[in-house]
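In my numbering, the protein residues as written are 29 to 171. Everything on this sheet refers to the single structure shown next.
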């Protein structure tokens, strides 16, 4: 084989390999945040949950004196971070923010029930279960 033909074939082969590797994309699994529906869905779920809770006579006292719009945004930011979104949570730790509220197990469970009700309307079963699993350890910091 002619030396020039061999060099041309090698250059062609190298350029084909380079083109293939630069066009190959690695599929990245969507985050829980993306699968949930992102901020629009988190905003709806959080708003519904808090609105239902502040109107429930059994737990509304836990929200006395709290600016609800700030609370809602803080919860959305935290859920966004916990599910892989690009938000920034600048709030207190769960333990610090709930320390003086003296939330009972019954009140906590009513809040979780309201949260589940909203999740059932807006989020798939798999995503709901993943999110609840992430949040479950927070109970000890809240109650």
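In this text, a Cβ means the ideal position worked out from N, Cα and C, and glycines have one as well.
Whole alpha helix (DSSP H) elements within the region 78 to 158, 4-residue minimum
96 to 110, 122 to 126 and 133 to 150
How long is the line joining the alpha carbons of residue 19 and residue 107, rounded to whole angstroms?
Outside the shown range of the chain, which is 29 to 171, sits residue 19, and nothing can be said about it.
Which of the three DSSP states, helix, strand or coil, is assigned to residue 57?
The answer is coil: DSSP assigns residue 57 none of H, G, I, E or B.
CA-to-CA distance, residue 135 to residue 81, given in whole angstroms
9 Å
Simplified DSSP assignment, three categories, for residue 65:
coil
If residue 59 sits next to residue 113, beta carbons under 8 Å apart, how far is it from one beta carbon to the other, in whole angstroms?
7 Å
Are the CB atoms of residue 122 and residue 72 within a distance shorter than 7 Å?
It is not a contact, given that the beta carbons lie outside the stated cut-off.
Within its chain, find whatever has a CB closer than 7 Å to the CB of residue 146; leave out the 5 residues flanking it on each side and keep chain order.
73, 76 and 77
With a CB to CB cut of under 8 Å and the five nearest residues on each side skipped, what residues in its chain are close to residue 105?
115, 116, 117, 118 and 119
Using 10 angstroms around the beta-carbon of residue 90, count the other beta-carbons present and answer buried if the total reaches 16, otherwise exposed.
buried
What three-state label does DSSP hand residue 171 in the structure shown?
coil
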